[in-house]
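**Q** In terms of mature numbering (1 follows the signal peptide of the UniProt record, and there is no 0), the sequence shown is residues -18 to -1, 1 to 158.
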Amino acid sequence: MWRICLTLLCTLPSAWCAAERPVRSLLEARQEGMIVQQWDNSCAAAALATILTYYKGMTVSEEQVARGMLRRTDPLRVRSRGGFSFLDMKRHVGQLGFDSDGYSGMALEDLAVKTPMIVPLNVRGYNHFVVVRHVGDNKVDIGDPSFGNYAMKRAEFAAKWRGIGFEVGRRREMHE
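#1: From D22 to G107, what does the alpha carbon distance come to, in whole angstroms?
#2: The alpha helix (DSSP H) with V75 in it runs from where to where?
#3: Please say whether G50 and F148 have beta carbons closer to each other than 7 Å?
#4: For S82, which of M88, I100, L90, V95 has the nearest alpha-carbon?
#5: Excluding five sequence neighbours on each side, which residues of the same chain lie with their C-beta closer than 6 Å to the C-beta of F111?
#6: Is D123 closer than 7 Å to R136 when the C-beta atoms are compared?
#7: On the DSSP bridge assignment, give the partners of residue 163 in chain order.
#8: Do V75 and L93 have their C-beta atoms closer together than 7 Å?
#9: So, with DSSP's three-state summary, where would you put E44?
#10: For F66 and V18, I'd like the C-alpha separation in whole angstroms.
#11: Exposed or buried, L78, counting other C-beta atoms within 10 Å across all chains shown (16 or more means buried)?
#12: Out of curiosity, what's the CA-to-CA distance linking G64 and E45?
#13: With a threshold of 7 Å on Cβ separation, who are the neighbours of T97 within its own chain once the five nearest residues in sequence on each side are excluded?
#14: Return helix, strand or coil for M88, following the three-state DSSP convention.
#15: For my contact list, R144 and F80 are in at a C-beta cut-off of 8 Å; report their separation, rounded to the angstrom.
#16: On the DSSP bridge list, what partners appear for F148?
#17: Throw me the rounded Cβ distance for the I146 and M88 pair, which I believe falls under 8 Å.
#18: Taking just the CA atoms, how far does R54 sit from V5?
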């Protein structure tokens, strides 16, 4: 009898462990579905790479997007203004065959129906591009290239946002 009990005690924990989901770190969970920026001023490239990879089905890296945008703009201008602009993003996605639009004067209700959208937030006096994933009744779900995913209260978001955004649209048919 004691052999049966010992056998059960030795085999049951391994069966329980095999049935559990893999353990993920908080960092892995926070960065899920996000291209994290690798350079100080590359939040636009990482945000755009996130949209293209996870929402448009075109797997690209932050570096590929940054290099693509740098081919269509003056690198010194990018450096002097502290990063890429909406126009840089528009030119790049246009070259890739995507439609895109920039919006101003938006309210949170407008943003809610346009997600995912890239928006600049004023963070410590600097514009920082993030991906707005969802706008809910009480919070805004954000994919931040420098940090990862988090939620922000609507009022806090509204205080940091100027009502402008960039949307990557459908991919156009490419004719040869």
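Yeah, the Cβ is synthetic: ideal placement off N, Cα and C, and Gly gets one too.
**A** In terms of the structure at hand:
#1: D22 and G107 have their alpha carbons spaced roughly 15 Å apart.
#2: Note, V75: alpha helix (DSSP H), 68 to 77.
#3: Contact flag unset, no.
#4: Ranking M88, I100, L90, V95 by Cα distance to S82 puts I100 first.
#5: Spatial neighbours of F111 in its own chain (CB-CB distance under 6 Å, excluding positions within 5 residues in sequence) are listed in chain order as C25, A26, A29, I100, P102.
#6: No, Cβ-Cβ distance for R136 and D123 is not below 7 Å.
#7: Absent from the model: residue 163. The displayed extent of the chain is -18 to 158, so no value can be given.
#8: Between V75 and L93, the CB-CB gap reaches or exceeds 7 Å.
#9: Three-state DSSP puts E44 in a helix.
#10: Rounded to whole angstroms, F66 to V18 spans 16 Å at the Cα level.
#11: Buried.
#12: Those two C-alpha atoms are separated by around 17 Å.
#13: Same-chain partners within the cutoff: V114, R115, H116, V117.
#14: Shown here, M88 sits in coil according to DSSP, grouped into three states, outside any helix or strand.
#15: About 24 Å separates the two Cβ atoms, so there is no contact after all.
#16: DSSP output for F148 lists G84, I100 as bridge partner(s).
#17: Indeed they touch by this definition, with Cβ atoms about 7 Å apart.
#18: Taking the straight line from one Cα to the other gives about 43 Å.
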